[in-house]
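First up is the structure itself, then whatever we jot down about it.
Residue numbers (our numbering): 248 to 627.
Okay, here's the thing in structure tokens:
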């Protein structure tokens, strides 16, 4: 849900480092487990697989100004999970240099129903004068049959004033057919949805309170039920702004951009036989290439290189990645214009359960700039 994204954005970004195209993550984890746990018995293997994180502490350290990393962390992001692995609490603590101590900043907390869905979420800020957390905003959720979200509200906690509300309607097949969005008590927009017989969304039409069209999204599908193309339209006259076509693996193939309903440029993507994107280029309607990005992979489909060229075929930047024998990304290198001068590097360290423990960032001269550490607690 979008209100929590900024709280845990860094943790999510780090998690994205381990998404591998082509070969499934499950397959890679299975291979990694076989190597890591080859000397362990089956009982130990099953216990490790069953481990669930109870909490994660993420601490960020910056440069001390003399070529090293400060011993005092700038901030700490603490996430807590229930026994089912659902995120239920997140707290940010920051170092106050004037007070020379770490101080609470904000906290987010969720209350879940038996199905693991949020019933309430609250955002708190720390009030130094009161010496504790004060509730700032509160989200509430109401569900119908099948866990369909019927009503979502955001309330200003101190005043109890409604900030926004979304009311959804579903058909007998559990397809969402209508979504009304309110700012305060005033209707702001309503989105209507249409589906085919396979429950694929064919169209979403957003209208204002006056009934005029704000935007429209139209989808089509192939015989296998995979999305074939998506067109995005804007305004009462439904002027096309963008059209995306997909290949037989549902990967974006061409993205057409329009200005005033006229084609301005097209982004084209190419893929290898494993489904890895190998090339991305944008070409104007007049045939001029704006940029080209190339991607390279190892035998396990790990991304090992990315290079971006400008319209004159000059290298704008280059990236290179290295992995260990367990397919964990251990090094990242970022090069500037020309592709030869190193501007930044990242070194990652992992624990025996393949969880990242430390990410260290250095500048082009290999001087430490930033370090992030991760500490885990597990439910046994």
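Backbone N, C-alpha and C fix where the C-beta goes; we use that ideal spot for every residue, glycine too.
1) Span of the beta strand (DSSP E) holding residue 316?
2) Would you kindly work out how many angstroms separate the C-alpha atoms of residue 282 and residue 601, rounded to a whole number?
3) Bridge partners of residue 552, per DSSP?
4) Please list, in chain order, all residues of the same chain as residue 622 whose beta carbon is under 6 Å from its beta carbon, the five residues on each side excluded.
5) To the nearest angstrom, how far is the alpha carbon of residue 348 from that of residue 594?
6) Per the DSSP calculation, residue 626 is bridged to which residue(s)?
7) Applying the 10 Å Cβ sphere with the 16-neighbour rule, what's the burial state of residue 365?
8) If you count every other CB in all the chains shown that lies within 10 Å of the CB of residue 308, and 16 or more means buried, which is it?
9) Short of 8 Å in beta carbon distance, which residues of its chain neighbour residue 299, apart from the five on each side in sequence? Order them along the chain.
10) Mark residue 546 as exposed unless 16 or more other C-beta atoms lie within 10 angstroms of its C-beta, in which case mark it buried.
11) Under the rule that 16 or more other beta-carbon atoms within 10 Å means buried, what is residue 507, buried or exposed?
12) What's the gap between the Cα of residue 548 and the Cα of residue 592?
13) Consult DSSP for residue 393 and reduce its assignment to one of helix, strand or coil.
14) Can you tell me whether residue 324 is buried or exposed, with buried defined as 16 or more other CB within 10 angstroms of its CB?
15) Between the C-alpha atoms of residue 196 and residue 596, what's the straight-line distance to the nearest angstrom?
16) Comparing alpha-carbon positions, which option in 526, 577, 532 and 533 lies nearest residue 553?
17) Going by DSSP, name the residue or residues bridged to residue 352.
18) Out of 466, 614 and 439, point me to the one whose CA is closest to residue 454's CA.
19) Is the Cβ-Cβ distance between residue 431 and residue 409 less than 8 Å?
20) Assuming the contact rule is C-beta atoms closer than 8 Å, residue 542 and residue 557 should be a hit. Round their C-beta distance to whole Å, please.
21) Please say whether residue 358 and residue 372 have beta carbons closer to each other than 8 Å?
22) Who pairs with residue 398 in a beta bridge, going by DSSP?
23) DSSP three-state label for residue 489, please.
24) In three-state DSSP terms, what is residue 519?
25) Cβ atoms of residue 528 and residue 515: under 8 Å apart, would you say?
26) Look at the Cβ atom of residue 486, then the Cβ atom of residue 493, and state whether they are nearer than 8 Å.
27) With burial defined as no fewer than 16 other Cβ atoms inside 10 Å of the residue's Cβ, what is the status of residue 478: buried or exposed?
Quick look at the numbers:
1) Translated into the one-based positions of the chain shown, residue 316 becomes position 69. Annotation for residue 316: no beta strand (DSSP E) segment contains it, and DSSP assigns it neither H nor E.
2) By 1-based counting over the chain shown, the position of residue 282 is 35. By 1-based counting over the chain shown, the position of residue 601 is 354. Reliability fails at residue 282, whose pLDDT of 44 lies under 50, so the model's placement of it is uncertain and the value that follows must be treated cautiously. Cα-Cα distance, rounded: 12 Å.
3) On the chain shown, residue 552 is found 305 positions in, with the first residue counted as 1. Note: residue 552 sits in a beta bridge opposite 543 and 567.
4) Your numbering for residue 622 matches position 375 in the chain shown. Excluding positions up to five away in sequence, the list reads 304.
5) Taking the first residue of the chain shown as position 1, residue 348 is located at position 101. Taking the first residue of the chain shown as position 1, residue 594 is located at position 347. In this model, residue 348 and residue 594 are separated by some 29 Å (Cα to Cα).
6) What you label residue 626 is simply residue 379 of the chain shown in a count that begins at 1. DSSP, once it has assigned bridges, lists 299 as partnering residue 626.
7) Taking the first residue of the chain shown as 1, we reach residue 365 at position 118. It is buried - the Cβ of residue 365 has at least 16 other Cβ atoms within 10 Å.
8) Counted from its first residue, the chain shown places residue 308 at position 61. Burial check for residue 308: the Cβ neighbour count within 10 Å reaches 16 or more, so the residue is buried.
9) On the chain shown, position 52 is the one that residue 299 refers to. In the same chain as residue 299, and ignoring 5 residues on each side of it, the C-beta atoms closer than 8 Å to its own belong to 328, 330, 331, 332, 625 and 626, in chain order.
10) The residue labelled residue 546 in the question sits at position 299 within the chain shown. Under a 10 Å Cβ-count criterion, residue 546 is classified as exposed, with fewer than 16 other Cβ atoms of the shown protein chains found around its own Cβ.
11) Taking the chain shown and counting its residues from 1, the one referred to as residue 507 is at position 260. Residue 507 is classed as exposed because its beta carbon has fewer than 16 other beta carbons within 10 Å across all chains shown.
12) Position 301 of the chain shown, counted from the first residue, corresponds to residue 548. Position 345 of the chain shown, counted from the first residue, corresponds to residue 592. The straight-line gap from Cα to Cα measures roughly 22 Å.
13) Locating residue 393 in the chain shown gives position 146, counting from the first residue. Residue 393 carries a helical assignment under DSSP once its states are collapsed to helix, strand and coil.
14) One-based indexing of the chain shown puts residue 324 at position 77. Classification of residue 324: buried, given that the 10 Å Cβ count is 16 or more.
15) In the structure displayed, the chain extends from 248 to 627; residue 196 sits before or after that span and is not available.
16) Stepping through the chain shown from its first residue, residue 553 is reached at position 306. Of the candidates 526, 577, 532 and 533, the one whose C-alpha sits nearest the C-alpha of residue 553 is 526.
17) As a working mapping, residue 352 is identified with position 105 in the chain shown. DSSP, once it has assigned bridges, lists no residue as partnering residue 352.
18) Stepping through the chain shown from its first residue, residue 454 is reached at position 207. Of 466, 614 and 439, the residue nearest in Cα terms is 439.
19) Taking the first residue of the chain shown as position 1, residue 431 is located at position 184. Taking the first residue of the chain shown as position 1, residue 409 is located at position 162. Their beta carbons are under 8 Å apart, which means residue 431 touches residue 409 by this criterion.
20) Residue numbering aside, residue 542 sits at position 295 when the chain shown is read from its first letter. Residue numbering aside, residue 557 sits at position 310 when the chain shown is read from its first letter. Not quite, the Cβ-Cβ distance comes to about 17 Å (not below 8 Å), so this is no contact.
21) Here residue 372 refers to the residue found at position 125 of the chain shown. Here residue 358 refers to the residue found at position 111 of the chain shown. Annotated as distal: residue 372 and residue 358, with beta-carbon spacing of 8 Å or more.
22) Taking the first residue of the chain shown as position 1, residue 398 is located at position 151. Beta-bridge partners assigned by DSSP to residue 398: 389 and 414.
23) As a working mapping, residue 489 is identified with position 242 in the chain shown. In the structure shown, residue 489 sits in a strand (DSSP, three-state: E or B).
24) On the chain shown, position 272 is the one that residue 519 refers to. Under the three-state reduction of DSSP output, residue 519 falls in the coil class, being neither helix nor strand.
25) For the purposes of this step, residue 515 is taken as the residue at position 268 of the chain shown. For the purposes of this step, residue 528 is taken as the residue at position 281 of the chain shown. The answer is yes: Cβ separation under 8 Å.
26) Residue mapping note: residue 486 aligns to position 239 of the chain shown, counting from 1. Residue mapping note: residue 493 aligns to position 246 of the chain shown, counting from 1. With respect to the 8 Å criterion, residue 486 and residue 493 are not classified as neighbours on the basis of their beta carbons.
27) In the chain shown, the residue the question calls residue 478 occupies position 231. When all chains shown are included, residue 478 counts as buried.
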